[in-house]
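Structure record follows, encoded as structure tokens.
Numbering (the UniProt record's numbering), first residue to last: 1 to 264.
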């Protein structure tokens with residue numbers, strides 16, 4: 001488990017954080033009210049000078065809370081290596097190139113395999129805390145298992161020797177990929193373009209059957225095809241770690257930007 005994941009799953013003594021992209025509701029998050037509630041004495045303490053920030057009486061209290069979070073996250077980031085060991089190991093393998101734009105939600109991995117161009121895309125919005133899952137075994141009704149939320153990964157494969165694009169929709173968790181769907185587009189631009197027009201066109205096209213409905217021998221053949229192209233256990237462990245690493249960095253920058261805006 002990465003440091004960030006460990007920090008997120010442990011009980012925090014410092015200010016609590018709501019992870020960006022966390023998909024939980026108030027009922028499933030017992031600490032949400034604690035995160036949002038402000039002590040009445042804190043509100044009174046800031047009421048005299050609240051006019052200095054924006055036009056609301058709550059501005060300075062919010063700014064103070066954001067500053068607490070900034071200080072906490074800064075300490076966590078400073079305690080980590082500038083380039084984590086898992087990232088060094090992955091880049092030293094020289095198989096995949098990482099395309100990561102600061103401030104962007106999505107990360108892209110690219111590589112060439114023969115005459116094929118392969119692209120993997122995933123989003124840090126899928127990063128979340130560990131969830132508990134009910135055990136369906138009747139003999140262990142009181143037991144439950146927990147694990148990180150799976151991350152959705154979209155792969156596209158094109159060939160320089162011919163037209164078309166194969167897209168593979170997968171979920172990754174616990175060091176393994178689970179294929180959900182494999183689609184094929186005769187026009188590679190339609191299959192790989194990230195524009196709204198291309199997305200709209202794809203919505204009207206047949207995307208193929210659900211992977212689990214295919215004959216098992218066909219599923220096994222596809223699994224071997226995918227693994228041979230380097231979409232394997234190593235990448236399956238890397239993606240969640242990198243997503244958590246980037247999410248923490250983006251969250252820290254988000255805190256600073258929001259605080260600066262509140263303080264105007």
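Beta carbons are placed, not taken as given, at the ideal position from N, Cα and C, and that holds for glycine. Note that the structure is predicted; figures quoted are calculated from it, not measured.
- Does the distance from the CB of residue 100 to the CB of residue 125 come in under 8 Å? For the purposes of this step, residue 100 is taken as residue 100 along the chain shown, with counting starting at 1. For the purposes of this step, residue 125 is taken as residue 125 along the chain shown, with counting starting at 1. Cβ atoms of residue 100 and residue 125: not closer than 8 Å.
- Under the assumption that residue 179 contacts residue 239 (Cβ atoms under 8 Å), give the Cβ distance between them as a whole number of angstroms. Counting from 1 along the chain shown, the entry for residue 179 is found at position 179. Counting from 1 along the chain shown, the entry for residue 239 is found at position 239. For residue 179 against residue 239, the beta-carbon gap comes to about 15 Å, at or over 8 Å, which does not count as contact.
- Presumed contact (8 Å Cβ cut-off) between residue 165 and residue 191, rounded CB distance: The sequence position of residue 165 within the chain shown is 165, counting from 1. The sequence position of residue 191 within the chain shown is 191, counting from 1. Yes, residue 165 and residue 191 are in contact; Cβ-Cβ is about 3 Å, under 8 Å.
- Query: Shortest alpha-carbon distance to residue 149 belongs to which of 264, 252, 243, 90?
  - Reply: Here residue 149 is taken as the residue at index 149 of the chain shown, counted from 1. If we check each option's Cα against that of residue 149, 243 comes out closest.
- Item | Contact check, residue 177 vs residue 231, beta carbons under 8 Å | The residue you call residue 177 lines up with position 177 of the chain shown. The residue you call residue 231 lines up with position 231 of the chain shown. Yes, these two residues count as a Cβ contact at 8 Å.
- Item | Where residue 209 sits in the DSSP three-state scheme | Within the chain shown, residue 209 is the residue found at index 209, counting from 1. Correct three-state label for residue 209: coil.
- Query: Exposed or buried, which one is residue 260 when buried takes at least 16 other CB atoms within 10 Å?
  - Reply: To locate residue 260, count along the chain shown from 1; it is residue 260. Label assigned to residue 260: exposed.
- Message: I need the boundaries of the beta strand (DSSP E) containing residue 108, first residue and last residue.
- Response: In the chain shown, residue 108 corresponds to position 108, counting from 1. 106 to 113 is the extent of the beta strand (DSSP E) around residue 108.
- Could you check the C-alpha separation between residue 195 and residue 57 for me, to the nearest Å? For this step, residue 195 is matched to residue 195 along the chain shown. For this step, residue 57 is matched to residue 57 along the chain shown. Roughly 42 Å separates the two Cα atoms.
- Note the first and the last residue of the continuous beta strand (DSSP E) segment covering residue 163. Walking along the chain shown from the start, residue 163 turns up at place 163. Note, residue 163: beta strand (DSSP E), 162 to 173.
- Message: Which residue wins for smallest C-alpha separation from residue 170, given the options 199, 211, 246?
- Response: Locating residue 170 in the chain shown gives position 170, where the first residue counts as 1. Comparing Cα positions, the closest option is 211.
- Of the choices 93, 116, 219, 87, whose alpha-carbon is the least far from that of residue 161? Residue mapping note: residue 161 aligns to position 161 of the chain shown, counting from 1. Answer by Cα proximity: 116.
- DSSP state of residue 179, grouped into three classes? Numbered from 1 along the chain shown, position 179 holds the residue referred to as residue 179. Strand, per DSSP.
- Between the CA atoms of residue 250 and residue 102 - distance to the nearest angstrom: For this step, residue 102 is matched to residue 102 along the chain shown. For this step, residue 250 is matched to residue 250 along the chain shown. Separation of residue 102 and residue 250 (C-alpha to C-alpha, rounded to the nearest whole angstrom) is 8 Å.
- Query: Where does residue 203 sit, in a helix, a strand or coil, going by DSSP?
  - Reply: Sequence index remark: in the chain shown, residue 203 carries index 203 (1-based). Three-state DSSP puts residue 203 in a helix.
- So does residue 112 have its beta carbon nearer than 7 Å to some heavy atom of the ligand FMN? This structure does not include the ligand FMN; it has no bound ligands of any sort.
- Task: Return yes when the Cβ of residue 119 is within less than 8 Å of the Cβ of residue 95, no when it is not.
- Result: By 1-based counting over the chain shown, the position of residue 95 is 95. By 1-based counting over the chain shown, the position of residue 119 is 119. Their beta carbons are not under 8 Å apart, which means residue 95 does not touch residue 119 by this criterion.
- Output the boundary residues of the alpha helix (DSSP H) element that contains residue 232. Residue 232 sits at position 232 when you count from the first residue of the chain shown. Annotation: residue 232 is outside any alpha helix (DSSP H) and is labelled neither H nor E by DSSP.
- Query: How big is the Cα-Cα spacing for residue 67 and residue 84?
  - Reply: In the chain shown, residue 67 corresponds to position 67, counting from 1. In the chain shown, residue 84 corresponds to position 84, counting from 1. Each residue's alpha carbon lies about 26 Å from the other.
- Item | Cut-off 8 Å between Cβ atoms - residues of its own chain near residue 74, not counting five sequence neighbours on either side | To locate residue 74, count along the chain shown from 1; it is residue 74. 252, listed in sequence order.
- Length at least 4, wholly inside the segment 51 to 97: the alpha helix (DSSP H) runs in chain order: Complete alpha helix (DSSP H) runs here, min 4: 59 to 78, 85 to 92.
- Task: Check residue 158 in the structure and name its three-state DSSP category.
- Result: Here residue 158 corresponds to residue number 158 of the chain shown, with the count starting at 1. In this structure, residue 158 counts as strand in the three-state DSSP scheme.
- Message: Between the alpha carbons of residue 76 and residue 257, how many angstroms are there, rounded?
- Response: Position 76 of the chain shown, counted from the first residue, corresponds to residue 76. Position 257 of the chain shown, counted from the first residue, corresponds to residue 257. Whole-angstrom Cα-Cα distance: 19 Å.
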